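Here the structure is laid out as structure tokens; the discussion comes afterwards.
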């Protein structure tokens with residue numbers, strides 16, 4: 006499917022439309038071009054996007070796919086009118102109307118999903134969790150680990166930092182992370198500052214070849230990056246995780262989203278319910 | 006709507022289902038309980054979730070709302086059968102079938118949306134952007150600013166760090182951030198290391214009362230947090246942004262998602278197209 010464009014048109018950030026549209030399009034072997042048009046909250050802006058959609062369709066000879074999340078009926082009607090030559094996928098219409106019936110109430114046609122969230126307790130918790138995760142990145146501070154929701158443990162470059170930041174940003178989880186270093190392997194047990202918090206610990210491991218590749222990008226030719234050293238560290242870390250009976254997984258073939266969701270499911274299932 | 010539960014059931018992380026479901030439910034004045042059930046990729050796991058849904062519905066006296074993103078027909082059929090007493094919102098069915106017709110091809114019923122992304126170039130760019138943003142947080146390094154896609158500028162605690170990390174994590178944007186400090190206000194122009202990169206700079210400002218409140222949580226009773234000082238810094242920073250003609254916004258009533266999308270739209274519109 007060359008020369009086909011997908012538009013995401015929203016009165017808010019368009020992130021919902023894009024996330025959803027991407028997961029729909031992942032069901033097809035196709036690489037369309039993506040265009041996100043956020044903050045389309047007036048009829049004028051909507052008309053402008055329709056012109057862009059129509060021009061794109063003429064240039065490509067195929068009608069664009071258009072995912073819309075538009076709460077205001079007047080704005081939405083511009084996109085859903087016959088004048089718009091795209092194939093419009095109205096994400097609200099399909100689900101809001103049945104829910105109005107189920108709940109016995111009208112929807113409020115409120116624009117955007119984040120504005121109301123901003124500055125709420127939940128939102129402030131996310132910001133606080135980001136600050137906590139930054140302050141407790143890479144074993145910087147063993148203080149205050151009792152305030153952590155999760156402590157990620159693993160060798161350097163096993164994926165701990167991006168995962169902790171994602172847990173904080175997306176889920177408001179205070180995620181500390183703690184690197185396992187050669188001294189820990191010589192002592193042959195988890196760092197003593199982690200012992201009181203073993204139930205909150207989650208291990209990340211990684212394929213030694215992949216680890217060596219990642220470390221070589223940072224410090225080419227170093228002992229740190231050498232495949233023998235990576236094999237030694239990964240093996241020692243996995244042995245330690247098994248002996249300590251902490252939950253762990255390999256990050257090699259997983260995205261941070263999948264790692265984060267697995268951690269929540271396995272050690273903080275309460276955070277999947279709210 | 007007390008005592009009503011919404012389930013998000015997915016063969017992947019469930020993040021797509023949850024993001025979309027939340028934006029639908031934001032159209033109603035209601036605070037249901039949320040339950041996310043990720044990695045439901047076998048008929049056995051699906052049957053287990055159906056039992057949970059049915060038990061919840063009996064306990065609450067109202068059928069749960071169930072958003073599903075399930076690519077496998079066998080797994081999906083367990084949720085959509087009459088045995089499941091929830092109100093099932095099948096997010097794929099409504100959109101995948103019309104697209105099969107439009108594209109003239111069958112969908113591949115592929116499970117999950119992140120697995121394929123993991124370790125792709127796009128994914129590696131995101132991880133690299135996170136590392137870049139961490140290394141260039143809080144003006145830590147003026148080196149390598151030419152590699153930055155965006156440089157956020159503003160007084161301490163105006164929202165620069167969470168926004169840079171979000172830009173990196175969600176969009177693969179290399180976002181540095183640079184705090185404006187009293188010395189900058191005395192010199193009355195943007196820090197000289199930023200001058201060559203003015204077109205990449207984006208300013209964040211914040212209401213002085215809100216800033217004082219945030220700073221007081223960190224350093225109670227300090228001059229740093231005093232309302233007079235916050236008024237002075239915010240005013241001086243805004244004057245500087247105006248004189249420098251850099252784009253800027255107030256973070257006071259905006260979420261990091263909205264701030265990030267506005268930045269992309271205003272100074273990196275190319276990154277909304279890919």
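Chains as they are written, first to last, in the working numbering: chain H, 6 to 279; chain R, 6 to 279.
Backbone N, C-alpha and C fix where the C-beta goes; we use that ideal spot for every residue, glycine too.
Only a predicted model underlies this, so the values are computations on that prediction, with no experimental measurement involved.
What does residue 213 of chain H touch in chain R if you count any residue whose Cβ is under 8 Å from its own? Those within 8 Å of residue 213 of chain H in chain R number zero; the least Cβ separation is about 16 Å.
Keeping to the same chain, check which residues put their C-beta closer than 7 Å to that of residue 155 of chain H; ignore five residues upstream and five downstream. Around residue 155 of chain H: 172, 178, 180, 205, 207, 268, 272 and 273.
Three-state secondary structure (DSSP) at residue 72 of chain R? Looking at residue 72 of chain R - three-state DSSP - the assignment turns out to be strand.
Amino acids of chain R, ordered along the chain, whose beta-carbon sits closer than 9 Å to that of residue 19 of chain H: Result: 266 and 277.
Determine, using beta carbons only, whether residue 18 of chain R and residue 24 of chain H come nearer to each other than 7 Å. No, these two residues do not count as a Cβ contact at 7 Å.
Contact belief for residue 101 of chain R with residue 71 of chain R at Cβ below 8 Å, rounded distance in angstroms: About 18 Å separates the two Cβ atoms, so there is no contact after all.
Taking C-alpha atoms, which residue in R/134, R/26 and R/125 lies nearest to residue 36 of chain R? Closest option to residue 36 of chain R, Cα to Cα, is R/26.
Taking CB distances under 7 Å as the criterion, tell me whether residue 77 of chain H reaches chain R. It does not: the Cβ of residue 77 of chain H has no partner Cβ on chain R nearer than 7 Å.
Would you identify the three-state DSSP class for residue 20 of chain H, choosing helix, strand or coil? Correct three-state label for residue 20 of chain H: helix.
Using a cut-off of 8 Å between C-beta atoms, extract the partners of residue 135 of chain R located in chain H. Per Cβ cutoff of 8 Å: 166, 167 and 170.
Who are the Cβ neighbours of residue 211 of chain H in its own chain at under 7 Å, not counting the five residues just before and after it? Hits under 7 Å: 163, 164, 239, 255, 256 and 257.
Any Cβ of chain R within less than 7 Å of the Cβ of residue 57 of chain H? No, residue 57 of chain H lies away from the interface with chain R (no Cβ there is under 7 Å from its Cβ).
What is the residue span of the beta strand (DSSP E) that residue 164 of chain H lies within? Taken as a continuous stretch (DSSP letters only), residue 164 of chain H belongs to no beta strand (DSSP E), as it is neither H nor E.
Compute every distance between the C-beta of residue 227 of chain H and the non-hydrogen atoms of the ligand GDP, then say whether any falls below 6 Å. Among the ligands in the structure shown, none appear at all, so the ligand GDP cannot be discussed.
Which residues of chain R have a Cβ atom closer than 9 Å to the Cβ of residue 113 of chain H, listed in chain order? The contacting residues are 31, 32, 33 and 34.
Quick one, are the C-beta atoms of residue 14 of chain R and residue 73 of chain R less than 7 Å apart? In this structure, residue 73 of chain R lies closer than 7 Å to residue 14 of chain R by Cβ.
Among R/260, R/86 and R/33, whose alpha-carbon lies nearest the alpha-carbon of residue 109 of chain H? The shortest Cα separation from residue 109 of chain H among R/260, R/86 and R/33 belongs to R/33.
If you scan the region 186-245 of chain R from start to end, which runs of the alpha helix (DSSP H) of 4 or more residues do you find wholly inside it? Within the region 186-245 of chain R, the complete alpha helix (DSSP H) segments of 4 residues or longer fall at 187-192 and 213-223, listed in chain order.
Within 7 Å (strictly less), CB to CB, does residue 41 of chain R reach chain H? Chain H, which has a Cβ nearer than 7 Å to the Cβ of residue 41 of chain R, makes this yes.
Using the rule of at least 16 other Cβ atoms within 10 Å of the residue's Cβ for burial, across every protein chain shown, is residue 250 of chain R buried or exposed? Label assigned to residue 250 of chain R: exposed.
With respect to the beta strand (DSSP E) encompassing residue 13 of chain R, which residues constitute its N-terminal and C-terminal limits? Annotation: the continuous beta strand (DSSP E) that includes residue 13 of chain R extends over 10-15.
N-terminal and C-terminal residue of the alpha helix (DSSP H) that residue 79 of chain H is part of: Counting along the chain, residue 79 of chain H sits inside the alpha helix (DSSP H) bounded by residues 78-85.
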